[in-house]
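The structure under discussion appears below in the form of structure tokens.
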Amino acid sequence: MTLSPESPVVASSRHGGSKATSDDPARPVLHIHPEHGWLNDPNGLCRIDGTYHVFFQFNPAEPVHANVHWGHVSSPDLLHWITEPIALAPRPGSGDEGGCWSGCVVDDAGVPTAVYTGVRSSAHDAGVVLARSDRSLRSWVSDDTWRIGTPEDEAISDVRDPFVFLHDGRRYAVQGAGHVMGSPQLLLYACDDLGHWTYLRPFLSTDDPVAAATAAANIWECPNLVRLGDAWVLLLSLWRNHVLSGVRYLVGDVVAEADGLRFVSRTGGTLDTGPTFYAPQVLVEADRVLLWGWAWEGADRSDEAIREAGWCGTLTSPRELTLVDGHVRCQPATELAALRRDTVACGPRRPITDRAFEVLAKDRVLLRTIDPDSGEEHVVTQSDGPARILVDGSLVETFGPHGSYTTRHYPGPRAHWLVETDGPVQVWRLGLPD
9 MTLSPESPVV ASSRHGGSKA TSDDPARPVL HIHPEHGWLN DPNGLCRIDG TYHVFFQFNP
69 AEPVHANVHW GHVSSPDLLH WITEPIALAP RPGSGDEGGC WSGCVVDDAG VPTAVYTGVR
129 SSAHDAGVVL ARSDRSLRSW VSDDTWRIGT PEDEAISDVR DPFVFLHDGR RYAVQGAGHV
189 MGSPQLLLYA CDDLGHWTYL RPFLSTDDPV AAATAAANIW ECPNLVRLGD AWVLLLSLWR
249 NHVLSGVRYL VGDVVAEADG LRFVSRTGGT LDTGPTFYAP QVLVEADRVL LWGWAWEGAD
309 RSDEAIREAG WCGTLTSPRE LTLVDGHVRC QPATELAALR RDTVACGPRR PITDRAFEVL
369 AKDRVLLRTI DPDSGEEHVV TQSDGPARIL VDGSLVETFG PHGSYTTRHY PGPRAHWLVE
429 TDGPVQVWRL GLPD
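Count the sequence shown with the working numbering and you get residues 9 to 442, in order.
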């Protein structure tokens with residue numbers, strides 16, 4: 009396919025500087041987000057020849073969900089992000105002429121291969137498209153047609169977001185599905201050869217009582233399946249009554265059946281309890297599982313403000329996914345401690361004016377803002393126990409005893425932050441290391 013110009017995405021340079029030049033206090037300076045345009049789901053997370061690659065849903069033209077491409081950044085260390093050329097773009101007359109939607113990247117016998125949802129006329133007209141690259145992941149050639157389309161099944165109006173995984177030496181793909189007026193399910197395909205897909209059976213449906221109770225939806229989106237310890241963990245993003253309704257996890261087993269595999273849930277829960285977290289994707293490494301999510305704009309950022317700013321959406325910090333006493337938890341990736349620069353004094357009368365900072369509290373903690381221009385005060389996040397809070401512009405990520413909480417807050421140009429806690433606290437200004 010023909011490459012578009014370099015994607016206008018804020019990503020820190022190889023030498024530690026930031027391409028972000030806007031004075032917009034809402035704009036993160038350390039996270040992946042568009043300098044101009046729209047961002048949503050992280051896609052294609054992979055590490056190829058020692059380099060991390062993060063792709064994402066991207067409209068380079070305007071800050072609205074339309075004209076969906078795959079943006080691309082890379083990093084040697086999860087700290088310094090390099091803007092790469094746009095990877096995938098809609099192609100007239102092809103299986104993705106209406107948009108290159110979410111999917112994954114597979115290192116297929118040395119050939120990085122994107123496995124993604126191609127949309128034609130609408131979201132209801134979707135199938136799986138393959139695109140292949142060299143080891144740089146900068147030049148992609150996409151198939152013109154779908155490998156599989158939407159099944160002819162009255163119970164399924166939508167399919168999307170293929171995720172490829174291995175089980176007992178075989179390669180499979182699970183795909184999100186459901187009906188806008190009905191129930192969700194996941195579809196299972198055999199795909200040892202990515203060029204040939206064979207439908208096997210539903211991998212999960214609401215016949216599973218834990219899934220039905222934990223993950224009520226019309227469509228299950230962005231499925232991710234990963235092994236943690238002695239259990240399999242399945243992540244599901246919930247499309248419910250035309251509303252994106254959070255992310256759930258199921259802990260259970262992958263059981264072999266005569267006609268394929270089936271997921272059997274043991275327990276379930278909410279992956280992140282914040283109001284602006286959706287569509288995470290995992291990256292499995294030898295010693296850990298990383299995860300990024302999409303943090304959309306909060307309810308108090310108006311369409312007018314988004315249009316004026318010219319950008320919309322950010323990815324979360326990279327997180328490490330763990331299973332603790334049957335519950336799935338996220339913590340900031342180990343590398344993020346290297347962002348700590350000098351310490352910042354804080355307290356009831358010591359406001360924080362930095363754009364990016366970290367709070368580490370050993371007891372109950374509350375973070376709020378005060379705007380001297382308007383006099384408004386806002387409690388942005390709080391934890392009833394030890395917590396680590398990362399703030400970068402409008403993005404606020406809290407990691408506490410009961411899990412993670414992702415939210416957005418839009419301080420005015422002269423607003424400042426206050427930390428209130430019952431115990432010891434440390435605050436660092438955040439920035440890129442040299």
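The C-beta atom is built at its ideal place from N, Cα and C for all residues, glycine as well.
| Asked | Found |
| --- | --- |
| Beta-carbon proximity list for T206, same chain, < 8 Å, skipping 5 on both sides | Y197, A198 and C199 |
| Pick from P33, S253, L438 and V272 that is closest to D261, judged by C-alpha positions | V272 |
| Exposure label - D311; buried when at least 16 CB within 10 Å | exposed |
| Simplified DSSP state of A163, which is helix, strand or coil | coil |
| Three-state secondary structure assigned by DSSP to V361 | First, the amino acid is wrong: residue 361 is Thr here, not Val. DSSP places T361 in coil when its eight states are reduced to three. |
| Pair within 7 Å by beta-carbon distance, V123 and G106 | no |
| Endpoints, the alpha helix (DSSP H) within which P231 is located | That residue, P231, is in no alpha helix (DSSP H); its beta strand (DSSP E) goes I227 to L236. |
| Simplified DSSP state of P288, which is helix, strand or coil | strand |
| Stretch pair the stretch 35 to 48 + the stretch 64 to 73: three plus CB contacts closer than 8 Å | yes |
| Three-state secondary structure (DSSP) of L347 | helix |
| Top-ranked residue by Cα proximity to L212, from G306, D115 and R270 | R270 |
| Of the listed residues V251, L38, A266 and L246, nearest to Y257 (C-alpha basis) | L246 |
| Span separating the alpha-carbon of G383 from that of L426 | 14 Å |
| Spatial neighbours of G268 in its chain, beta-carbon cut-off 6 Å, leaving aside the 5 residues before and after | L196, L208 and R209 |
| Limits of the alpha helix (DSSP H) - the one that I314 falls within | D311 to A317 |
| Contacts around G184, its chain only, beta-carbon distance under 6 Å, and the 5 residues preceding and following it disregarded | R168, D169, W228, E229 and P231 |
| Touching by the beta-carbon criterion (3+ pairs, under 8 Å), the stretch 368 to 384 and the stretch 414 to 432 | yes |
| Proximity winner among C354, P380 and I378, relative to L368 (alpha-carbon distances) | C354 |
| Alpha-carbon spacing of P98 relative to Q289, whole angstroms | 22 Å |
| Touch test, the stretch 273 to 293 against the stretch 395 to 415, Cβ-Cβ under 8 Å, three pairs minimum | yes |
| Cβ-based burial, N249 [other Cβ within 10 Å; buried from 16] | exposed |
| Buried versus exposed, by CB contacts within 10 Å (16 or more), E385 | exposed |
| Distance CB(T91)-CB(V76) smaller than 7 Å | no |
| Span of the alpha helix (DSSP H), counted from its first residue to its last, around A221 | P217 to T222 |
| Distance CB(R143)-CB(D32) smaller than 7 Å | no |
| Reduced DSSP category for T414 - H, G, I as helix; E, B as strand; rest coil | strand |
| Beta-carbon contacts of L291 that lie in its chain and below 6 Å, excluding the five residues immediately before and after | L53 and L298 |
| CA nearest to the CA of I156, picked from H410, I314 and V182 | V182 |
| Where T389 sits in the DSSP three-state scheme | strand |
| Where T91 falls: helix, strand or coil (DSSP) | strand |
| Proximity winner among A313, G135 and T324, relative to W412 (alpha-carbon distances) | As written in the sequence, residue 412 is Ser, which differs from the Trp given in the question. When each option's Cα is compared against that of S412, the closest is T324. |
| Candidates H410, P419, R396 and F365: closest to V387 by CA position | P419 |
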